[in-house]
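S.K.: Numbering (this note's numbering), first residue to last: 11 to 345.
All C-beta atoms in this analysis are idealised placements derived from N, C-alpha and C, irrespective of residue type, glycine included.
Encoded as structure tokens, here's the structure I'll be asking about.
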């Protein structure tokens, strides 16, 4: 069984959308797929029309012992259709970290549970929580690959760096190597900003950036309300076509291919952090005063503009000053 985590520490980047629609697109190719909802918010569970409040058992029961015994994954799995099954989540999963505090091997609970059903599925897709913690560690420890969705926003780029740091920790502490792969989501070809981020991600990740790009498509948002993969909602939509292409690309990649050496990952992490922080500084200089928002249409995706007042207030002008010298050397902070 090939185990692929989908993770980014920034929410709203298309993480759960990717987990659901990739799982569906693989399953309609007659690959048997298990989608594991490792997020207490249970968005992947709800995204397949399962009510978390109706669940008698969830992933929580697999990871934590009751009367000294953990539930088996087989006891909680829900068939969505013949080739797609779900290991659901609910809010009680948020108690796992406290329940397993001080327990030896707590970061390997999910890996051990998946090993017992290794021969039953071709793929396991894990939807990670948008935070660094025990649940995310469990998902990355179990997986051999991690898809990092990037939604063309600054904070999504910072999420890459944080996640790459986590892969280095896994290598150093547990000897576990995981292949990071970047996936561009919510891509809007009408903006220069989107193209610059796309070029930068492909430059930094090289072969570890998917060729497939998930375009911005309103159908991907609408399907959430119906609890359906986009392929069942509108199979002609760009959203479905893009995830079909991603499934084809993933199926064609060997599991062990293009694993980055930890030194490369560390260097990439530091470089991406530095350049992202400088970009934030440059943007903050551009948006003060507030009237300058109108001048940013060429470099910003529409969905991101509304967050500027909160970002400026949260970070303060000091961040812009930090990168002033570097910005003077380059017109584009992502160069």
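1) Do three or more CB pairs link the stretch 63-80 to the stretch 20-30 at distances below 8 Å?
2) Roughly how far, in whole angstroms, is the beta-carbon of residue 347 from the beta-carbon of residue 228, given that I think they are within contact range, below 8 Å?
3) Nearest CA to the CA of residue 106: which residue from 16, 136 and 48?
4) DSSP on residue 92, reduced to helix/strand/coil?
5) So what does DSSP say about residue 189, is it helix, strand or coil?
6) Taking DSSP as the reference, what is the three-state secondary structure of residue 6?
7) State the DSSP-derived secondary structure class of residue 53, mapped to helix, strand or coil.
8) Among the candidates 246, 20, 33 and 114, whose CA atom is the shortest distance from the CA of residue 133?
9) Sort 217, 181 and 223 by Cα distance to residue 162 and report the nearest one.
10) To which residues does DSSP link residue 8 through a beta bridge?
11) Closest to residue 115 by CA distance: which of 148, 142 and 99 is it?
12) Quick one: what's got a C-beta closer than 6 Å to residue 73's C-beta in the same chain, skipping five residues either side?
13) Residues in its own chain within less than 8 Å of residue 254 by CB, not counting five upstream and five downstream?
14) Which residue marks the beginning of the beta strand (DSSP E) containing residue 15, and which one marks its end?
15) Is residue 179 helix, strand or coil by DSSP?
16) As a quick exercise: from 207, 62 and 43, pick the residue whose alpha carbon is nearest that of residue 90.
17) What are the start and end residues of the alpha helix (DSSP H) that includes residue 252?
18) Using the C-alpha atoms, what's the distance from residue 62 back to residue 98?
19) Closer than 8 Å by C-beta to residue 141: which residues in its own chain qualify, once you throw out the five before and the five after it? Chain order, please.
20) DSSP has residue 47 in a bridge; who is on the other side?
21) Pick helix, strand or coil for residue 159, following the three-state DSSP scheme.
22) For the beta strand (DSSP E) containing residue 221, name the first residue and the last one.
23) Give the single residue among 150, 11, 86 and 102 whose Cα lies nearest to the Cα of residue 176.
M.R.: The structure says:
1) As far as the Cβ criterion goes, the stretch 63-80 does not touch the stretch 20-30, which means the pair count is below three.
2) Residue 347 lies beyond the residue range present for the chain, which begins at 11 and ends at 345; the question has no answer from this structure.
3) As a first step, residue 106 is located in the chain shown; it is residue number 96 there, counting from the start. In terms of Cα proximity to residue 106, the closest of 16, 136 and 48 is 48.
4) On the chain shown, residue 92 is found 82 positions in, with the first residue counted as 1. Annotated three-state conformation of residue 92 is coil, per DSSP.
5) Taking the first residue of the chain shown as 1, we reach residue 189 at position 179. Strand.
6) The requested residue 6 is not part of the displayed model; the chain covers only 11 to 345.
7) Locating residue 53 in the chain shown gives position 43, counting from the first residue. In the three-state scheme derived from DSSP, where H, G and I count as helix and E and B as strand, residue 53 is classed as helix.
8) Here residue 133 corresponds to residue number 123 of the chain shown, with the count starting at 1. Cα-wise, what sits closest to residue 133 is 33.
9) Sequence index remark: in the chain shown, residue 162 carries index 152 (1-based). The shortest C-alpha to C-alpha distance from residue 162 to any of 217, 181 and 223 is the one to 223.
10) Residue 8 is absent from the model: the chain starts at 11 and stops at 345.
11) Along the chain shown, one-based indexing puts residue 115 at 105. Of the residues 148, 142 and 99, the one whose Cα lies closest to the Cα of residue 115 is 148.
12) Reading the chain shown from its first residue, position 63 is the one you call residue 73. Closer than 6 Å at Cβ, skipping near neighbours: 106 and 119.
13) Taking the first residue of the chain shown as 1, we reach residue 254 at position 244. Cβ within range, chain order: 35 and 241.
14) Looking up residue 15 in the chain shown gives position 5. Start and end: 12-16.
15) The residue you call residue 179 lines up with position 169 of the chain shown. Of the three classes helix, strand and coil, the one that applies to residue 179 here is helix, per DSSP.
16) Position 80 of the chain shown, counted from the start, is the residue given in the question as residue 90. The residue among 207, 62 and 43 with its C-alpha nearest the C-alpha of residue 90 is 43.
17) Working through the chain shown from its first residue, we reach residue 252 at position 242. 248-262 is the extent of the alpha helix (DSSP H) around residue 252.
18) The residue you call residue 98 lines up with position 88 of the chain shown. The residue you call residue 62 lines up with position 52 of the chain shown. Taking the CA atoms as reference points, residue 98 sits about 8 Å from residue 62.
19) Residue numbering aside, residue 141 sits at position 131 when the chain shown is read from its first letter. Taken in chain order, the residues that qualify are 19.
20) In the chain shown, the residue the question calls residue 47 occupies position 37. In DSSP, residue 47 forms a bridge with 137.
21) As a working mapping, residue 159 is identified with position 149 in the chain shown. The answer is strand: DSSP assigns residue 159 an E or B state.
22) Position 211 of the chain shown, counted from the first residue, corresponds to residue 221. For residue 221, the uninterrupted beta strand (DSSP E) run begins and ends at 219-225, by DSSP.
23) Within the chain shown, the letter at position 166 stands for residue 176. When only C-alpha atoms are compared, the closest one is 150.
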